[in-house]
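Residue numbering for the sequence shown follows full-length UniProt numbering, starting at 8 and increasing by one per position.
All C-beta atoms in this analysis are idealised placements derived from N, C-alpha and C, irrespective of residue type, glycine included.
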Amino acid sequence: KDALDKVADAAERVADKALAAEDPEIPGAPAAAPPSLAEPTEPVDPLPSKPDQATPDTRTPTGAPASEDPRSAGQQGRWLTTSTGTRLRDTDHSLKAGERGPTLLQDHHLREKVTHFDHERIPERVVHARGAGAHGYFEGYGTAASVTVAGLFAAGKRTPVFVRFSTVLGSRGSADTVRDTRGFATKFYTDEGVWDLVGNNMPVFFIQDGIKFPDIIHAGKPHPDREIPQAQSAHDTFWDFVSLHTEAQHHALWNMSDRGIPRSYRMMEGFGVHTFRMINAAGETSLVKFHWKPRLGIHSLTWEEAQLIGGLDPDFHRRDLADAIETGAHPEWELGIQVFEDTDDQLFEGIDLLDPTKLVPEEFAPVQPIGRMVLDRNPTNFFAETEQVAFHVGHLVPGIDVTDDPLVQARLFSYVDTQLTRLGGPNFNQIPVNRTHAPVNDMLRDGFHQHAVHSGVAPYRPNSLDGGCPFTAGGDLSDDQTRAFVDAAHNVAGPKVRTRPATFDDHFTQPRLFWQSMSPVEQEHIIRAYSFELGKCFERAVKERQLQALANIDPRLCAEVATALGLPAPKPTGELAVVTPSPALSQLSGGPWPGDGRVVGIVVDPDGDLTDVSEVRSAILAAGMVPLVIAPHGGTVDELAVQRTFATVRSVELDAVLLAGSPVAAPDALPARDAKAGAAPTSTLDPRVVLLVEEAYRHAKVIGAWGDGVRALTVSGVPEDVSGVVTGSAGIGVLDEVLALAGTHRAWERFVTVG
Ligand code: HDE
Numbered sequence: 008k009d010a011l012d013k014v015a016d017a018a019e020r021v022a023d024k025a026l027a028a029e030d031p032e033i034p035g036a037p038a039a040a041p042p043s044l045a046e047p048t049e050p051v052d053p054l055p056s057k058p059d060q061a062t063p064d065t066r067t068p069t070g071a072p073a074s075e076d077p078r079s080a081g082q083q084g085r086w087l088t089t090s091t092g093t094r095l096r097d098t099d100h101s102l103k104a105g106e107r108g109p110t111l112l113q114d115h116h117l118r119e120k121v122t123h124f125d126h127e128r129i130p131e132r133v134v135h136a137r138g139a140g141a142h143g144y145f146e147g148y149g150t151a152a153s154v155t156v157a158g159l160f161a162a163g164k165r166t167p168v169f170v171r172f173s174t175v176l177g178s179r180g181s182a183d184t185v186r187d188t189r190g191f192a193t194k195f196y197t198d199e200g201v202w203d204l205v206g207n208n209m210p211v212f213f214i215q216d217g218i219k220f221p222d223i224i225h226a227g228k229p230h231p232d233r234e235i236p237q238a239q240s241a242h243d244t245f246w247d248f249v250s251l252h253t254e255a256q257h258h259a260l261w262n263m264s265d266r267g268i269p270r271s272y273r274m275m276e277g278f279g280v281h282t283f284r285m286i287n288a289a290g291e292t293s294l295v296k297f298h299w300k301p302r303l304g305i306h307s308l309t310w311e312e313a314q315l316i317g318g319l320d321p322d323f324h325r326r327d328l329a330d331a332i333e334t335g336a337h338p339e340w341e342l343g344i345q346v347f348e349d350t351d352d353q354l355f356e357g358i359d360l361l362d363p364t365k366l367v368p369e370e371f372a373p374v375q376p377i378g379r380m381v382l383d384r385n386p387t388n389f390f391a392e393t394e395q396v397a398f399h400v401g402h403l404v405p406g407i408d409v410t411d412d413p414l415v416q417a418r419l420f421s422y423v424d425t426q427l428t429r430l431g432g433p434n435f436n437q438i439p440v441n442r443t444h445a446p447v448n449d450m451l452r453d454g455f456h457q458h459a460v461h462s463g464v465a466p467y468r469p470n471s472l473d474g475g476c477p478f479t480a481g482g483d484l485s486d487d488q489t490r491a492f493v494d495a496a497h498n499v500a501g502p503k504v505r506t507r508p509a510t511f512d513d514h515f516t517q518p519r520l521f522w523q524s525m526s527p528v529e530q531e532h533i534i535r536a537y538s539f540e541l542g543k544c545f546e547r548a549v550k551e552r553q554l555q556a557l558a559n560i561d562p563r564l565c566a567e568v569a570t571a572l573g574l575p576a577p578k579p580t581g582e583l584a585v586v587t588p589s590p591a592l593s594q595l596s597g598g599p600w601p602g603d604g605r606v607v608g609i610v611v612d613p614d615g616d617l618t619d620v621s622e623v624r625s626a627i628l629a630a631g632m633v634p635l636v637i638a639p640h641g642g643t644v645d646e647l648a649v650q651r652t653f654a655t656v657r658s659v660e661l662d663a664v665l666l667a668g669s670p671v672a673a674p675d676a677l678p679a680r681d682a683k684a685g686a687a688p689t690s691t692l693d694p695r696v697v698l699l700v701e702e703a704y705r706h707a708k709v710i711g712a713w714g715d716g717v718r719a720l721t722v723s724g725v726p727e728d729v730s731g732v733v734t735g736s737a738g739i740g741v742l743d744e745v746l747a748l749a750g751t752h753r754a755w756e757r758f759v760t761v762g
């Protein structure tokens, strides 16, 4: 009986709710949707693509351009269909036995919809899971002909590219601005096949032999028990490994430098890391190292900025790249090569060119420009393009070959292997973003997700049934009509051994070279980075061992970090190498740099003088930068559109700050902590503006102020007569100076004095 009563009660409650829903007088009844939110009933034109998003490249699996593929267009055309094109009259209600009855197994539409959804995710990349991509083109200078026959380097020749930038350690949804190496992978769709240059933003790697890759990655990834920390190296297992495995010290030092926290993907150098081998028309070989040099210079965040942005805008780098391309500030790099004679020992000035933990200073082997790359189009669909792009160091074209570097040798295996799991089978090169633009005539057949409908009966060689086709091409590299890929005929000999050559033994000279090439500010940042990372470790033995490695790099570096950790500084275990610094390794060398796509915040006071603001905004746009008007509230201020409010802005998203007024605090607009209960509005500066100015000052950003804006500086405690702070009476005059100073990225002198 109890059970029956409970059912009756429940039924009554449901009936009451239903009544409430019908009668708007009854509290809890849902209000009718306002008319403007009503669903459209007639088709309207789809939203236009953004200017930089052309239709995705649709090519057939054999590489020939396809006519329009209707499946590539989303949410266009009138009728909703199943995946097999049957029109649907309802996609909001499942097929049930009675209005409130159970769902029927018969509901094929429900099952198709939900099953497809259930399988929308693919495994993320085991490394480099977090990334952002863009399309563009590469243009050759014609200067590489003496070393390589590769056609893409011919003068004026344009080759389409797709680039993916990434972090290494974090998961797909991790923050962009973590301290880590950045991937810089470029797919060139050349006439002679796809060439992938799968590099990083640092020229050296943690390990000398690919067999150690699982070890370094297991050490860097989150701890296996709690799966923390996410996307960072500041933990015991990472430092345990690199302190035991001292060949990792050079790369670890690069990570601790400002290179580990780039300001933007657009402002990073790229490196092929390994030495490659090029072959010219006469069949002569040279050894080369690839360098990408950004037109905007190499710039970084400060560690505090990187940490704040990780919370405030985890997509900072992804957004920056897409915004820059969309607004026409197209990122650009010059590709250069260092060229070395292909000697029997493959050494250069005592540096083993097969050792990927070593770089060759540019002062010894200049980087010779061979072309430039421009990124001018955002992907149309992240999954289809950026997620499914599959790079491989073995995607090579005639004239470019690999060397015996034991790291690249292992990579040649790994990149195809990983796609089998990640992309679900061996036909990943048929996915649109991976398709070559050269004609394909392979004899690879069948397999999961085969998109080609191959004709013919004889996919084997030799055959007579398909006329003997296809034939192999000629090995005459000078004939660009018939040439094929040629493996460089390089002599190898020796017993089968599992050993390391003596030329790979020195692990400390090059880290010392890097350290000594840094400016004082960069050295200071490195000291703080080690202090932070090792400060996050718990095991004393790990910290002590890493301090020993630092002592072998530089005693001052070691002493400063040891002080921060509260541990004694050990002595070097041997003689310290005498090195000649390489100024090219410092990010502060060169400049001033163009400011394309840099973000300039303009703080305005709605009750103050706004005369110059419009003009200043236009001048910032004209300089190729992005002005953001920052006001206490959204909407407009005196017809100026407001892009950020004091609640949504934080200094870290700005490259420079302009103060056009001194907006006072409105207590009701402040968080409870900052507002004094019942206090009348005061004439003090809004504390969020104070925070903005203080932070921008601490991060050595250029700050400009005019008119009443100068008061905002003073109230925030910023002196007027220091480097990188500009004041004046007119907005444009101040802006001109600010833009000129912003070309050096930061007012570097301020770091030393601020400490
Ligand atoms: Fe990678 N690496 N890697 N790597 N790597 C991958 O390939 C691997 C190495 C690099 O945006 C994976 O498709 C091994 C050096 C970039 O899609 C995987 C070894 C350098 C990307 C893989 C290395 C790189 C990857 C994961 C040591 C700089 C991202 C998913 C032998 C020169 C590419 C994938 C993208 C991605 C293996 C070492 C750069 C598992 C085994 C050195 C930029 O195949």
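Cβ neighbour criterion (16 or more within 10 Å) applied to alanine 648: That one is exposed.
Neighbourhood of histidine 473 by C-beta, 7 Å cutoff - its chain only, sequence neighbours within 5 removed: It is worth fixing the name first, because residue 473 is aspartate in this sequence and not histidine. Spatial neighbours of aspartate 473 in its own chain (CB-CB distance under 7 Å, excluding positions within 5 residues in sequence) are listed in chain order as Gly463, Val464 and Ala465.
Any idea if arginine 442 is buried or exposed, counting beta-carbon neighbours within 10 angstroms, 16 or more meaning buried? Flag for arginine 442 reads buried.
Using DSSP with H/G/I as helix, E/B as strand and the rest coil, what is leucine 176? When secondary structure is reduced to three states using DSSP, leucine 176 falls in the coil class, being assigned neither helix nor strand.
Between the Cα of isoleucine 332 and the Cα atoms of Val659, Gly631, Val664 and Ala703, which residue gives the shortest distance? When the alpha-carbon of isoleucine 332 is set against those of Val659, Gly631, Val664 and Ala703, the nearest one is in Gly631.
Test: leucine 342 CB closer than 8 Å to a CB of chain B: Absence of chain B from the displayed structure is noted, only one protein chain being present.
Put glutamine 113 into one of helix, strand or coil per three-state DSSP. DSSP places glutamine 113 in the coil class of the three-state scheme, outside both helix and strand.
One or two residues paired with valine 293 in a DSSP bridge: According to the sequence displayed, residue 293 carries serine and not valine. In DSSP, serine 293 forms a bridge with Met285 and Glu348.
Rounded straight-line distance, which links the Cα of valine 346 to that of cysteine 544: When rounded, the distance between both Cα atoms is 42 Å.
Name the DSSP beta bridge partners of glutamine 375, please? Per the DSSP secondary-structure output, glutamine 375 pairs in a beta bridge with Ile344.
Cβ neighbour criterion (16 or more within 10 Å) applied to proline 439: Counting C-beta atoms within 10 angstroms of its own C-beta, proline 439 has 16 or more neighbours from the protein chains shown and is therefore classed as buried.
If you follow the alpha helix (DSSP H) that glutamate 551 is in, where does it begin and where does it stop? 547-560 is the span of the alpha helix (DSSP H), which, as asked, contains glutamate 551.
Quick one: Cα of leucine 430 to Cα of histidine 399, how far? For leucine 430 and histidine 399, the distance between alpha carbons rounds to 14 Å.
Mind the definition here: the segment 257-264 touches the segment 287-302 only if three or more C-beta pairs lie below 8 Å; say whether that holds. Too few Cβ pairs lie closer than 8 Å, so no.
Does the beta-carbon of threonine 193, which I'm using as the reference point, lie nearer than 7 Å to any heavy atom of ligand 3? Absence of ligand 3 from the depicted structure is noted, with ligand 1 being the only ligands included.
Ends of the beta strand (DSSP E) at glutamate 146? Element bounds for glutamate 146: 138-147.
What residues match up with tryptophan 202 in a beta bridge as DSSP calls it? Paired residue(s): Phe195.
CA nearest to the CA of alanine 157, picked from Glu131, Arg284 and Ile129: Across the set Glu131, Arg284 and Ile129, the C-alpha of Arg284 shows the shortest separation from the C-alpha of alanine 157.
So, at 6 Å on beta carbons, what are the nonlocal neighbours of glutamine 239 in its own chain, with the 5 sequence-adjacent residues on each side left out? Residues Val185 of the same chain have their beta carbon placed closer than 6 Å to that of glutamine 239, with the five preceding and five following residues left out of the count.
Using the rule of at least 16 other Cβ atoms within 10 Å of the residue's Cβ for burial, across every protein chain shown, is proline 109 buried or exposed? So proline 109 ends up on the exposed side.
Neighbourhood of proline 167 by C-beta distance below 6 Å, restricted to the same chain and skipping five residues each side: Correct list, in chain order: Tyr144 and Tyr196.
With H, G and I counted as helix, E and B as strand and the rest as coil, what does DSSP make of aspartate 512? DSSP places aspartate 512 outside both helix and strand once states are collapsed to three, so it counts as coil.
Does any heavy atom of ligand 1 sit closer than 7 Å to the C-beta of serine 178? No, since every heavy atom of ligand 1 falls outside the 7 Å radius drawn around the Cβ of serine 178.
Ignoring anything shorter than 4 residues, give me the alpha helix (DSSP H) runs that lie fully in the segment 547-627, in order along the chain. Taken in chain order, the whole alpha helix (DSSP H) runs of length 4 or more contained in the segment 547-627 are 547-560 and 562-572.
Status (buried if at least 16 other CB within 10 Å, exposed otherwise) for proline 639: Here proline 639 is buried. Its C-beta has 16 or more other C-beta atoms within 10 Å.
Going by the CB atoms, is the gap between threonine 253 and residue 7 shorter than 8 Å? Only positions 8 to 762 of the chain appear in the structure, and residue 7 is not among them; the question remains open.
Provide the residue span of the beta strand (DSSP E) that contains leucine 308, from first to last. Note, leucine 308: premise wrong, no beta strand (DSSP E); not H, not E.
How about glycine 206 and phenylalanine 160: are their beta carbons less than 8 Å apart? No, they are not a contact pair.
Measuring alpha carbon to alpha carbon, tell me which residue in Asp693, Leu666 and Val745 is nearest leucine 720. The closest CA to that of leucine 720, considering only Asp693, Leu666 and Val745, is found on Leu666.
Near valine 295, which residues of its chain fall below 6 Å by C-beta distance, leaving aside the five closest residues on each side in sequence? If we look at valine 295 and ignore the five residues flanking it on each side, its Cβ neighbours are Phe283, Met285, Ile344 and Val346.
Would the segment 647-662 and the segment 308-327 be scored as touching if the rule is three or more Cβ pairs under 8 Å? In this structure the segment 647-662 touches the segment 308-327; the number of beta carbon pairs closer than 8 Å is three or more.
Run of the beta strand (DSSP E) containing leucine 635, from where it starts to where it stops: That run of the beta strand (DSSP E) goes 633-638.
Got a sec, what are the start and stop residues for the alpha helix (DSSP H) isoleucine 739 sits in? Residues 738-749.
Could you spell out where the beta strand (DSSP E) holding valine 460 opens and where it closes? From DSSP, valine 460 is part of no beta strand (DSSP E); its letter is neither H nor E.
Residue closest to leucine 583, alpha-carbon to alpha-carbon, out of Val610, Thr516 and Val623: Checked all of Val610, Thr516 and Val623; the closest Cα to leucine 583 is Thr516.
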